[in-house]
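The opening residue of the sequence shown carries number 75 in this note's numbering; numbering runs sequentially from there.
Have a look at the structure below, then the notes.
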Amino acid sequence: MRVLPFYNATDHAGNREKFGKISASLSTVTYVCSGPISPLMRSILPTLSSLSESEILTWGKHIISLLTRQAMLKRHSRWAFNQKSKQVRSGTTLVELAFVAPVFLVFVYAIFEFGYAYMISNIIQEATQEGAKLGRCEDVTTAQVETRVRDLLDTVFDSNLATIMVKNASQFDTPGADVEQINFSELPDLELANAEKAQLFIVRVEVPYKDVRLLNSFFVDPVKAAEAADKERNLVLSGHSVRRHE
Numbered sequence: 075m076r077v078l079p080f081y082n083a084t085d086h087a088g089n090r091e092k093f094g095k096i097s098a099s100l101s102t103v104t105y106v107c108s109g110p111i112s113p114l115m116r117s118i119l120p121t122l123s124s125l126s127e128s129e130i131l132t133w134g135k136h137i138i139s140l141l142t143r144q145a146m147l148k149r150h151s152r153w154a155f156n157q158k159s160k161q162v163r164s165g166t167t168l169v170e171l172a173f174v175a176p177v178f179l180v181f182v183y184a185i186f187e188f189g190y191a192y193m194i195s196n197i198i199q200e201a202t203q204e205g206a207k208l209g210r211c212e213d214v215t216t217a218q219v220e221t222r223v224r225d226l227l228d229t230v231f232d233s234n235l236a237t238i239m240v241k242n243a244s245q246f247d248t249p250g251a252d253v254e255q256i257n258f259s260e261l262p263d264l265e266l267a268n269a270e271k272a273q274l275f276i277v278r279v280e281v282p283y284k285d286v287r288l289l290n291s292f293f294v295d296p297v298k299a300a301e302a303a304d305k306e307r308n309l310v311l312s313g314h315s316v317r318r319h320e
């Protein structure tokens, strides 16, 4: 048994006379889909006693049909409103994407590029340390150190792009020497096989950033692209290790 809000059926032309008997006094409509009507309902709604059970069932089914139709219309109206709202917001979504996507892509570009450059710097530093550890041993040649360094560099990038230097670092023993002002390429070369005991030497690796970069420049403007290329030309990733020969 279900209780529905009263439906004013007097507006319905086909049933105006029948519903006129009860429309003035009923505030709720009780209908039964199957089975006899409860005597309790007849005591609560004495107005229905003038109608037969079949008439009440027919009337209830008609009310259900009308309410179902009304609910379907409301549901369809709500669906149509939602579809219209989606169509209205589709343009807004495209505008938001046009503003957010370039910024997001720049961040992704920076993450990849800085991450790769950091990895290159780490492998360069590791290669120089391994080369210096090997070079400090007796009877090890400079060529063997360079080969060891190249083997490690080849795990990340082509070692032929890098400049590998094994230099005499005796200048570092000078008190007050400014290391930042030293031009490592101008230091004298050193053959480790002929190095004296406790002689200071340096193993250094330099590679131009433009040769090992992961992604190309995204500048479309030729002027800005040229400026970026000039800055990259002077940007060098490097690392070195200093040891004493044993």
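We treat Cβ as the ideally placed atom computed from N, Cα and C, and that holds for glycine.
Everything numeric in this text was worked out from a predicted model, so none of it was measured.
Problem - Where Ile256 falls: helix, strand or coil (DSSP) - result: As a working mapping, residue 256 is identified with position 182 in the sequence shown. Coil.
Handout entry: Residue range of the alpha helix (DSSP H) that includes Glu220
Key = Sequence index remark: in the sequence shown, residue 220 carries index 146 (1-based). Run containing Glu220: Thr216 to Leu227, per the alpha helix (DSSP H) assignment.
Handout entry: Rounded separation between Val174 and Phe181 - CA only
Key = Taking the first residue of the sequence shown as 1, we reach residue 174 at position 100. Taking the first residue of the sequence shown as 1, we reach residue 181 at position 107. If you take the alpha carbons of Val174 and Phe181, they lie about 11 Å apart.
Handout entry: Check whether Val310 and Glu280 have beta carbons under 8 Å apart
Key = On the sequence shown, residue 310 is found 236 positions in, with the first residue counted as 1. On the sequence shown, residue 280 is found 206 positions in, with the first residue counted as 1. Against a cut-off of 8 Å, the Cβ pair of Glu280 and Val310 comes out as a contact.
Handout entry: Spatially closest choice to Val240 from Asp225, Thr221, Thr229 and Phe231, by CA coordinates
Key = Stepping through the sequence shown from its first residue, residue 240 is reached at position 166. Comparing Cα positions, the closest option is Thr221.
Problem - Rounded straight-line distance, which links the Cα of Ser139 to that of Ser117 - result: Position 43 of the sequence shown, counted from the start, is the residue given in the question as residue 117. Position 65 of the sequence shown, counted from the start, is the residue given in the question as residue 139. Low confidence applies here, because Ser117 scores a pLDDT of 48, under 50, leaving its location unreliable and the question unanswered by this model.
Practice task
Please list, in chain order, all residues of the same chain as Asp247 whose beta carbon is under 8 Å from its beta carbon, the five residues on each side excluded.
Solution key: If you number the sequence shown from 1, residue 247 lands on position 173. Cβ neighbours of Asp247 beyond the five flanking positions: Leu274.
Practice task
Could you check which residue in Asn268, Ile185 and Tyr283 has the C-alpha nearest to that of Cys211?
Solution key: Indexing the sequence shown from 1 puts residue 211 at position 137. The residue with the shortest Cα to Cα distance from Cys211 is Asn268.
Practice task
Along the beta strand (DSSP E) that carries Lys241, what are the first and last residues, could you check?
Solution key: The residue you call residue 241 lines up with position 167 of the sequence shown. Annotation for Lys241: the continuous beta strand (DSSP E) segment containing it runs Thr237 to Asn242.
Practice task
Measure from the alpha carbon of Leu261 to the alpha carbon of each residue in Pro249, Ala251 and Ser244, then state which is nearest.
Solution key: To locate residue 261, count along the sequence shown from 1; it is residue 187. Per the Cα distances, Ser244.
Practice task
Could you name the residues of the same chain whose beta carbon sits closer than 7 Å to that of Ser233, not counting the 5 residues immediately before and after it, in chain order?
Solution key: In the sequence shown, the residue the question calls residue 233 occupies position 159. Cβ within range, chain order: Arg224 and Leu227.
Problem - DSSP-derived helix/strand/coil call for Pro282 - result: Counting from 1 along the sequence shown, the entry for residue 282 is found at position 208. Looking at Pro282 - three-state DSSP - the assignment turns out to be strand.
Exercise for the section: Per DSSP, which residues does Leu288 bridge with? Please list them. Expected result: As a first step, residue 288 is located in the sequence shown; it is residue number 214 there, counting from the start. Answer is none; Leu288 lacks a bridge partner.
Practice task
My understanding is that Arg287 touches Glu200, with C-beta atoms under 8 Å, so please give their C-beta distance in whole angstroms.
Solution key: Stepping through the sequence shown from its first residue, residue 287 is reached at position 213. Stepping through the sequence shown from its first residue, residue 200 is reached at position 126. Their Cβ separation, rounded to whole angstroms, is 20 Å, which puts Arg287 and Glu200 out of contact at 8 Å.
Handout entry: Whole-angstrom distance between Ser312 and Val219, CA atom to CA atom
Key = As a working mapping, residue 219 is identified with position 145 in the sequence shown. As a working mapping, residue 312 is identified with position 238 in the sequence shown. When the Cα atoms are used, Val219 and Ser312 turn out to be separated by approximately 17 Å.
Exercise for the section: Inspect the beta-carbon positions of Val277 and His319 and report whether they are closer than 8 Å. Expected result: Counted from its first residue, the sequence shown places residue 277 at position 203. Counted from its first residue, the sequence shown places residue 319 at position 245. No, the Cβ-Cβ distance between Val277 and His319 is not below 8 Å.
Exercise for the section: Can you give me the Cβ contacts of Thr202 inside the same chain, cut-off strictly under 6 Å, excluding the 5 residues immediately before and after it? Expected result: Counting from 1 along the sequence shown, the entry for residue 202 is found at position 128. So the qualifying residues of the chain are Val277, Val279, Gly313, His314 and Ser315.
Handout entry: Contacting residues, own chain, Cβ-Cβ under 6 Å from Thr216 (five flanking each side not counted)
Key = Within the sequence shown, the letter at position 142 stands for residue 216. Within the same chain, Val240, Glu265 and Leu266 come within 6 Å of Thr216 by CB-CB distance, once the 5 residues on both sides are set aside.
Problem - Residue span of the beta strand (DSSP E) that contains Ser315, given as start and end - result: Counting from 1 along the sequence shown, the entry for residue 315 is found at position 241. Run containing Ser315: Val310 to Arg318, per the beta strand (DSSP E) assignment.
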